[in-house]
Amino acid sequence: MALLRKINQILLLLLVLTLCMILYNKVHKGSTLKNETDDSESPEELEEEIPVVICAAAGRMGAAMAAINSIYSNTDANVLFYVIGVKNTLSRIRKWIENSKLREIKFKIVEFNPLVLKGKIRPDALRPELLHPLNFVRFYLPLLIQKHEKVIYLDDDVIVQGDIQELYDTKLTLGHAAAFSDDCDLPSTHEMVRSVGMQNTYMGYLDFRKKTVKDLGISPSTCSFNPGVIVANMTEWKHQRITKQLEKWMQKNVEENLYSSSLGGGVATSPMLIVFHGKYSSINPMWHIRHLGWSTETRYSEHFLQEAKLLHWNGRHKPWDSTSVHTDLWKSWYIPDPSGKFKLNRHDS
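Residue numbers (the working numbering): 871 to 1219.
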C-alpha cells in the first residue's frame, strides 16, 4: 500500500508539472504574438487618419492637385485624400497623382454619379459653372466617405498654409453636424467685402420676397457662412438626415426659384444656409481667408496672408485661368499636368 501511495503521488506531481508547462507555453506564446503584432504596426498605422475630401473636375484638375500638394507639404499628420471625380476623369486623376510628386500621398479616388442630382438643379444661365455636379459633392459626404466619424471637405480653389491637423481638431458642439466660417467673423476681411460689394448676409443668397423663404423665420441680416471649408461629423450628419434636407431645398428651388447665382453667387451655398441655420460650429477664421477671387484690384496685406492658414479664391477670378490677385501664393503649389492637357491660362496680378 505504501508503494502504491508513493506511485500515485509521483503521478500527481507529474500531472501538475505537465499542466504548469502547458499554461506557461500558452502565456509565453500569446505574449510573443502580441509583441510581433505591435512591432509590425508602424506609428503611421496607429495614428488617427485625417480624411480630406477634394473634388477634381476636368477643367480644374490642376487646382485640386495644387490644394493636395499644399496640404501634404505642410503636415506630418496621417492624411488620407479622397479625390472625387466623375467617371470619365478617374483615370486622368490617378495618372496625375502617380506620375508626379504626389505619388507619395495616401489617396482613394471616388466616383460621383451625377444622376443623383436629376430633377434637383434649376438651370442657371448666369453662372453655369456653378451647376457642375461636383459642386454638390459636399451634400453627399456620408454616401461617399463611409468609414470615418469626422471628415474635412475643401473646395478645389484653396491653398493650405497651416497644418491640416489643426483644422481637423476643430471642436464641434454636441448635436452639430458641421463647422463653417462665418462671413462676419474676421474684421480684417470686412474692408474687402465692402470694397467689392459682396453680400455677407442671408439676404445675398435667398429671395426674401418668396413666401417659402419668409416662412423660415430667418432674419435677412443674419450673417452667412461659406461652405468651401467644412469640418463634418458623419454620425450627426446621418442622424439628422442632412442630405435629405438639402435635397428637399434643392427641389423646392426648382419649383419656386428661391435662390440663384444672381444673388450671392452660391447655388450650393443657399440650401446649406437654410439647413444649417443656427445649427453649426465655428472654424477658426484664419483657417478660411476667402474672397481672393472676387476682385482683380483689391488685395490683402502680405503680412495678413502670411498669417493665414488657408486661402480661398472663391469668386470668378481663379489663379489658374484668369487675371487674379495673389497668384504667386497659388502658383508655388501648382504641379504641372504630366499629360500636358491642363495648362495655366492667366496673367499675374
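From the three backbone atoms N, C-alpha and C, an ideal C-beta is built for every residue, glycine too.
Is residue i a contact residue of the ligand ATP, with contact defined as CB to any heavy atom under 8 Å?
i	result
TYR942	The model on display carries no ligand, and the ligand ATP is accordingly not part of it.
Can you check DSSP and say which residues form a bridge with residue i?
i	result
SER1091	BP columns for SER1091 are empty, so no partner.
THR1071	CYS1093
HIS1161	None; HIS1161 has no bridge partner.
GLY955	GLU981
SER1151	ALA1049
LEU1181	ILE1029, ILE1159
GLU918	Paired residues: none, contrary to the question.
LYS1099	In the sequence under discussion, the amino acid at residue 1099 is Val, which differs from the Lys named in the question. Answer is LEU1024, bridged to VAL1099.
ILE924	VAL953, LEU1024
LYS976	LEU950
Which residues in the same chain have their Cβ closer than 8 Å to the Cβ of residue i, if we skip the five residues on either side of it in sequence?
i	result
ASN1215	TRP1190, ASP1191, SER1192
TYR1150	HIS1046, ALA1047, ALA1048, ALA1049, PHE1050, PHE1095
GLU1019	ASN1103, MET1104, THR1105
MET1073	PRO1090, SER1091
TRP1107	LEU1011, PRO1012, ALA1047, ALA1048, THR1113
PRO913	For PRO913, the predicted structure reports a pLDDT of 46, less than 50, and the residue's modelled location is therefore unreliable. A value from the coordinates is still provided. Within the same chain, PRO913 has no close Cβ partners at all.
ILE1153	LEU1037, THR1040, ALA1049, PHE1050, SER1051, VAL1099, VAL1101
Does the Cβ of residue i have 16 or more other Cβ atoms within 10 Å, making it buried, or fewer, making it exposed?
i	result
ARG1160	buried
ARG973	exposed
PHE1212	buried
THR1105	exposed
ASN1184	buried
THR1197	buried
SER1194	buried
ARG930	buried
GLY1210	exposed
HIS1109	exposed
PRO1097	buried
LEU1004	buried
SER943	exposed
LYS965	exposed
LYS976	exposed
GLY917	The amino acid occupying residue 917 in the given sequence is Glu; Gly does not appear at that position. With fewer than 16 other Cβ atoms within 10 Å, it is exposed.
LEU1116	buried
SER1165	buried
One question on the structure: do residue i and residue j come within less than 9 Å of each other, judged by their Cβ atoms?
i	j	result
PHE1095	LEU1143	yes
ASP1207	LEU1128	no
ALA926	ILE954	yes
ILE1112	ALA1048	yes
HIS1182	VAL1124	no
ALA947	ILE1088	no
PRO921	PHE1009	no
SER1051	TRP1157	yes
VAL923	LEU1011	yes
VAL1101	THR1040	yes
GLN1121	LYS1017	no
THR1071	ASP1055	no
GLU919	LEU950	yes
LYS1179	GLN1031	yes
So, under 8 Å CB-CB, residue i and residue j are touching, yes? Tell me the CB distance rounded to an integer number of Å.
i	j	result
ASP1025	VAL1137	Not confirmed; about 13 Å, so no contact.
ILE1022	TYR1038	6 Å
Between which residues of its own chain and residue i is the CB-CB distance below 6 Å, once the five residues before and five after are set aside?
i	result
TRP1203	ALA936, ASN939, SER940, ILE1029
LYS1201	none
ILE963	ALA926, VAL953, GLY955, ILE979
VAL1007	CYS925, ILE954, PHE982
ARG1169	VAL1195
ARG992	ASN1123, VAL1124
Within its chain, find whatever has a CB closer than 7 Å to the CB of residue i; leave out the 5 residues flanking it on each side and keep chain order.
i	result
ASP851	No answer is possible for residue 851: the residues shown for the chain start at 871 and end at 1219.
LEU1199	ILE1029, LEU1175, LEU1181
HIS1220	The structure shown does not extend to residue 1220, since the chain is modelled only from 871 through 1219, so no value can be given for it.
SER970	ILE1205, PRO1208
LYS945	One detail in the question is off: residue 945 reads as Thr in this sequence, not Lys. The answer, listed in chain order, is ASP1033, ILE1034, GLN1035.
ILE1083	In the sequence as presented, Ile is not what sits at residue 1083; that position holds Val. Only LEU1076, ASP1077, LEU1128 meet the Cβ criterion.
LYS1080	GLU1126, LEU1128
ARG1186	GLY1163
LEU987	PRO1003, PHE1006
CYS1093	ASP1052, ASP1053, CYS1054, ASN1070, THR1071
LYS957	GLU981
THR902	Confidence at THR902 is low in this model, with a pLDDT of 24, below 50, so the placement of that residue should be treated as unreliable; the coordinate-derived value is given next. So no residue of the chain qualifies.
LEU1086	ILE1144
Does residue i get closer than 9 Å to chain C when you measure Cβ to Cβ?
i	result
GLN1031	In summary, chain C is missing from the structure at hand, where a single protein chain is found.
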